[in-house]
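Structure first, commentary second.
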Amino acid sequence: MSNGQSDRAIDVSGLGKRFGARWVLRGTTLAVRPGEVVGLMGQNGSGKSTILRIVATLLKPNAGTAQVNGLNVVRDATAVRAQVGYLAHTPGLYDDLTARENLKFAADMLGMPATVVDASLERVGLARVAHERVRGFSAGMERRLALARLFLRTPTVLLLDEPYSNLDAAGVELINSLIGGIVRTGGAALVALHELAPARGLIDRTLTLVEGRIDAARPNLVGAAAGVA
Amino acid sequence: MAWRDDWRRVRAIARKDLTTELRTKAGFNGVAALGVTILILLGLALGPDGAALRNAAVGAVWLATLFAGVLAFNRSFQVELESGALEPLLQYPGPRWTIFAGKLLGNLVFVTAMVAIVVAAGVVLFGVGIPATWPTLVGVIALGVVGLVVLGTFYASMSSRSRAREVLLPMLLFPMLVPVLLGATTASKALLGADLMHEAGAWIRLLAAYDLVFLIATFVAFEHVIES
Amino acid sequence: MTGIVDDIVASNWSFIYAAYGVTWVVILGYLVRLVRAGARANADYARLVPGAGGEGAR
Amino acid sequence: MPAPDRSLDARPARPPRTSPWMGVAAILVLAATQAYSISTSPAEGDMGHLQKIMYVHVPAAWMTFLAFFVVLVFSVKYLWKGREDDDLVAASAAEVGATLNGLTLVLGMIWGRPAWGVWWVWDARLTSTLVLFLIFAGYLALRAFVDDEQQRARWSAAVGAIGAINVPIVYMSVKWWRTLHQPPSSPATLDPAYTMGLRINAFALLFVMIFFIRKRYEIARLERAAEHAAEAAALGAP
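What follows is the structure, encoded as structure tokens:
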């Protein structure tokens, strides 16, 4: 299953990553099926972001493999990038460009027509400030603008790193509609979270990272919550 | 169609970098002011004899260009690093060389504008007469600028992400630019004189060959260098 | 050989000594550096790889 | 063609060791060839016994270029295949090459003072050797300033290859720069009485250099092997 279709949207096996002498991932294995939304839980520094960045082709693993729809994230990086939508912890915007210019840049880089820019701004509720520079934006507005980049096109795999931080109720609703939209078209999502509450009802199951490994003993929080209710 | 998408990416990156520079202004003004200041200091150190200054003008202008140019290259990657924009930039689909080409184009415009100011200042401050062969002289300057920008942009893509980037970039870049410095200064000097020995032509060919070789080499190598 | 040439030759010997002196300082200096780095690497390896037994095992 | 990911089982065993006797032998041979050529070479007409510096200076210069050729080859090979070992060979050759390069420059100056009356001339060979030294000082500085070893390997391979491409261009440009303005100082045409001494000294220094690079490489491999062992322990690999 080196390329083409696969029954796994994300397939991570024995992943190891170190920064200097510190091992952040120590043989992580996980899989996400198409149409599935998986929550990745764990304390700060447990390696959630690192897994997402490896799957998004931004980091190379020291050991193990990761695949997206059967494509290897190291060997077939370009093809993987075309399929993956990644929301980083930091917004990664250009402060001296306006909101619209930031999105126009993203559309150019993604090879999308310029018409999607305004629709996307409308969708995240920033059409009113489209011509203001990002430098004056609040943290919440910046996150919405970063999110707007994901609405420019429809990826098959979503990787979201703490998407709910700095967002109000309407923002949470936006994230959930984004995830819902992707999943309905057969896509998958891997979402790093520190609390389950905002994503409840959307997440199919959770995995917990402890010291760079998936903790098999931890209960699936979604299932547990359902059982109690 | 793929090349059209790639060209669109290249333009987008160059336009984005230049818009940022234009809006902050501090960057370009600072770099250009530094270039002129270096010229003034060289004039003070070498003057006040007019003939000696005219003789040293070409060298002074190129040195000022190199020292001020170094600041521009680290800046162009700083924009990506400060706001964590490098990750999204690397995550976009499409070949990585488009990132290099875009940065290159942006830096080329930036450094060309700076060089225009430094050369104008050099002509005034050092009392250089403009020769009849000035279009060729412009060509020499352009070839020199391309060499400087190609290697400067390439090395800055690494040095901007390392420790001690202020030291590392000149350490990597300046020895590599020796042929550019020699070619550009000697050809410029020859053109400012009468070029009796017809040596400018040989230097122009050397500069052109240098630019071509390193344009190809850096485009090939960039893909290996940009990833984290 | 005339006396003048002898003088030049005599004065040149100090440069010849200097040249060979520098050469051997560099070669032996690098050798010492290698030996020390090698000893350190061997010790680290023996510490981190239990049962490897330092010298040439495996 | 990015570097392939290394799987858990591709762990190198303890690297082989070159016998230290090879080093002892190489250094003894070098001492012997030097003693031979010093004692047998006649005084040269213009420079007297000063030409004896040639037996260390010229081989050092040749070996410098050879070492940097090794850097070029293994840098390109690393960019192609992504094998960690190639990076370590390039790094070892660069370190030994830079050392010999520094030696060449100092010997050139020691030669220049009595021969030309000045410590330094902007001669094509001297100047381009100096520029070469600066290029590889940059290479070694880059290695020192980058912590992530994958990044360091890729970056230094690119810098090594591109730096090596520049060497002939630098040499040519400095040569033109000199010749178009004033005639170059005439290189001493070599009398057959000296060629034998030069050759055997060059071979002796070649053996010393090969020993240095191999040893440096083996130490780097050993350090890496220790790190990989720590890696295996951290991953809890079977």
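Chains as they are written, first to last, in our numbering: chain G, 110 to 338; chain P, 152 to 379; chain V, -9 to 48; chain H, 521 to 758. Where is the CB? At the ideal position from N, CA and C, for every residue including glycine.
DSSP state of residue i mapped onto helix, strand, coil
{"i": "G/Ile119", "result": "strand"}
{"i": "H/Arg537", "result": "coil"}
{"i": "G/Val226", "result": "helix"}
{"i": "P/Ala202", "result": "helix"}
{"i": "H/Leu623", "result": "helix"}
{"i": "G/Thr166", "result": "coil"}
{"i": "G/Thr294", "result": "coil"}
{"i": "P/Asp168", "result": "helix"}
{"i": "H/Val616", "result": "helix"}
{"i": "P/Leu232", "result": "helix"}
{"i": "G/Ala301", "result": "strand"}
{"i": "H/Pro707", "result": "Below a pLDDT of 50, predicted positions are generally treated as unreliable, and H/Pro707, at 44, falls in that range; the measurement from the model is reported next regardless. Coil at H/Pro707, not helix or strand."}
{"i": "V/Asn32", "result": "helix"}
{"i": "G/Glu145", "result": "coil"}
{"i": "P/Lys176", "result": "coil"}
{"i": "G/Phe339", "result": "Past the edges of chain G, shown from 110 to 338, lies residue 339 of chain G, and the structure says nothing about it."}
{"i": "H/Leu654", "result": "helix"}
{"i": "V/Gly11", "result": "helix"}
{"i": "P/Arg316", "result": "helix"}
Minimum C-alpha distance to residue i - residue among the options
{"i": "H/Leu725", "options": "H/Thr538, H/Met542, H/Met629", "result": "H/Met542"}
{"i": "H/Tyr556", "options": "H/Arg736, H/Ile720, H/Ala750", "result": "H/Ile720"}
{"i": "P/Arg226", "options": "P/Lys254, P/Leu332, P/Gly290, P/Gly245", "result": "P/Lys254"}
{"i": "G/Asn138", "options": "G/Gln152, G/Gly290, G/Gly173, G/Phe246", "result": "Rather than Asn, the amino acid found at residue 138 of chain G in this sequence is Thr. The candidate whose alpha carbon is nearest that of G/Thr138 is G/Gly173."}
{"i": "P/Thr369", "options": "H/Glu604, H/Ala678, H/Arg537, H/Trp640", "result": "H/Ala678"}
{"i": "G/Gly321", "options": "G/Ser122, G/Val133, G/Arg127, G/Asp120", "result": "G/Val133"}
{"i": "G/Leu254", "options": "G/Pro264, G/Phe214, G/Gly220", "result": "G/Phe214"}
{"i": "P/Leu169", "options": "P/Gly290, P/Phe261, P/Gly235", "result": "P/Phe261"}
{"i": "G/Ile288", "options": "G/Arg131, G/Gly179, G/Val193", "result": "G/Val193"}
{"i": "P/Pro244", "options": "G/Leu196, G/Ala257, G/Ala191", "result": "G/Ala191"}
{"i": "G/Ala216", "options": "G/Arg232, G/Leu259, G/Ile323", "result": "G/Leu259"}
{"i": "P/Trp158", "options": "P/Met322, P/Arg247, P/Leu328, P/Gly278", "result": "P/Arg247"}
{"i": "P/Lys167", "options": "P/Val187, P/Leu214, P/Ile250", "result": "P/Ile250"}
{"i": "H/Ala545", "options": "H/Phe723, H/Ala644, H/Arg744", "result": "H/Phe723"}
{"i": "P/Ser308", "options": "P/Lys176, P/Thr188, P/Leu241", "result": "P/Leu241"}
{"i": "G/Leu196", "options": "G/Leu230, G/Asp205, G/Ala257, G/Gly144", "result": "G/Ala257"}
Span separating the alpha-carbon of residue i from that of residue j
{"i": "P/Leu294", "j": "H/Ala684", "result": "22 Å"}
{"i": "P/Asp156", "j": "P/Gly201", "result": "54 Å"}
{"i": "P/Val221", "j": "G/Leu161", "result": "35 Å"}
{"i": "H/Ser706", "j": "H/Leu550", "result": "In this predicted model, H/Ser706 has a pLDDT of only 40, less than 50, meaning its place in the structure is not dependable enough to derive any value."}
{"i": "H/Gly808", "j": "H/Val593", "result": "Residue 808 of chain H lies beyond the range of chain H shown here (521 to 758); nothing can be said about it."}
{"i": "H/Val694", "j": "G/Arg252", "result": "55 Å"}
{"i": "H/Val591", "j": "P/Phe325", "result": "20 Å"}
{"i": "V/Ile6", "j": "H/Phe589", "result": "29 Å"}
{"i": "H/Arg741", "j": "H/Glu615", "result": "15 Å"}
{"i": "V/Val39", "j": "G/Ala118", "result": "39 Å"}
{"i": "P/Trp154", "j": "P/Arg356", "result": "30 Å"}
{"i": "H/His701", "j": "H/Gly622", "result": "With a pLDDT of only 49 at H/His701, under 50, the local geometry of the prediction cannot be trusted, and no value is derived from it."}
{"i": "G/Tyr273", "j": "G/Gly148", "result": "12 Å"}
{"i": "H/Ala580", "j": "H/Thr649", "result": "11 Å"}
{"i": "H/Met729", "j": "H/Gln671", "result": "28 Å"}
{"i": "P/Gly194", "j": "P/Arg205", "result": "10 Å"}
{"i": "H/Ala745", "j": "H/Arg736", "result": "14 Å"}
Bridge partner(s) assigned by DSSP for residue i
{"i": "G/Asn181", "result": "G/Gln176"}
{"i": "G/Phe405", "result": "Here chain G has residues from 110 to 338 only, and residue 405 of chain G is not among them."}
{"i": "G/Ala80", "result": "One cannot answer for residue 80 of chain G here, as it falls past the ends of chain G, which runs 110 to 338."}
{"i": "G/Val319", "result": "G/Arg322"}
{"i": "G/Val266", "result": "G/Val193, G/Ala297"}
{"i": "G/Met150", "result": "G/Thr317"}
{"i": "G/Thr207", "result": "G/Arg242"}
Residue i CB to nearest heavy atom of the ligand GDP below 7 Å
{"i": "P/Trp154", "result": "This structure does not include the ligand GDP; it has no bound ligands of any sort."}
The segment 322 to 352 of chain P: positions lying closer than 7 Å to chain H by Cβ: Within the segment 322 to 352 of chain P, the qualifying residues are Met322, Leu323, Pro326, Met327, Val329, Pro330, Leu333, Gly334, Thr337, Met348, Glu350.
Against chain H: residues of the segment 165 to 176 of chain G by CB proximity under 8 Å: Residues of the segment 165 to 176 of chain G with a Cβ closer than 8 Å to any Cβ of chain H, in chain order: Lys169, Pro170, Asn171, Ala172, Gly173, Thr174.
Chain G contacts from the segment 241 to 254 of chain P (Cβ-Cβ distance under 8 Å): Listed in sequence order: Leu241, Gln242, Tyr243, Pro244, Gly245, Pro246.
Cβ-based contacts, 8 Å cut-off: residues of the segment 590 to 616 of chain H near chain P: Of all residues in the segment 590 to 616 of chain H, Leu599 have a Cβ within less than 8 Å of some Cβ in chain P.
Residues of the segment 734 to 748 of chain H whose Cβ lies closer than 9 Å to any Cβ of chain G, in chain order: Taking 9 Å as the Cβ-Cβ cut-off against chain G, the residues of the segment 734 to 748 of chain H that qualify are Glu747.
Where the segment 211 to 235 of chain G meets chain P: residues whose CB sits under 7 Å from a CB there: Cβ contacts with chain P: Phe214, Asp217, Met218, Leu219, Gly220.
Within 7 Å of chain H by C-beta, residues of the segment 305 to 321 of chain P in sequence order: If the cut-off is 7 Å between Cβ atoms, the segment 305 to 321 of chain P has Met309, Ser313, Arg314, Ala315, Leu319 near chain H.
Members of the segment 672 to 699 of chain H near chain P, C-beta cut-off 8 Å: Sequence-ordered contacts of the segment 672 to 699 of chain H with chain P read Arg674, Trp675, Ala677, Ala678, Val679, Ala681, Ile682, Gly683, Ile685, Asn686, Ile689, Val690, Met692, Ser693, Val694, Trp696, Trp697 [C-beta pairs closer than 8 Å].
Residues, ordered as in the chain, of the segment 567 to 578 of chain H that lie near chain G by beta-carbon distance below 8 Å: Those would be none; no residue qualifies.
Interfacial residues, the segment 647 to 670 of chain H to chain G, with Cβ spacing under 8 Å: Listed in chain order, the positions of the segment 647 to 670 of chain H with a beta carbon within less than 8 Å of a beta carbon of chain G are Asp667, Asp668, Gln670.
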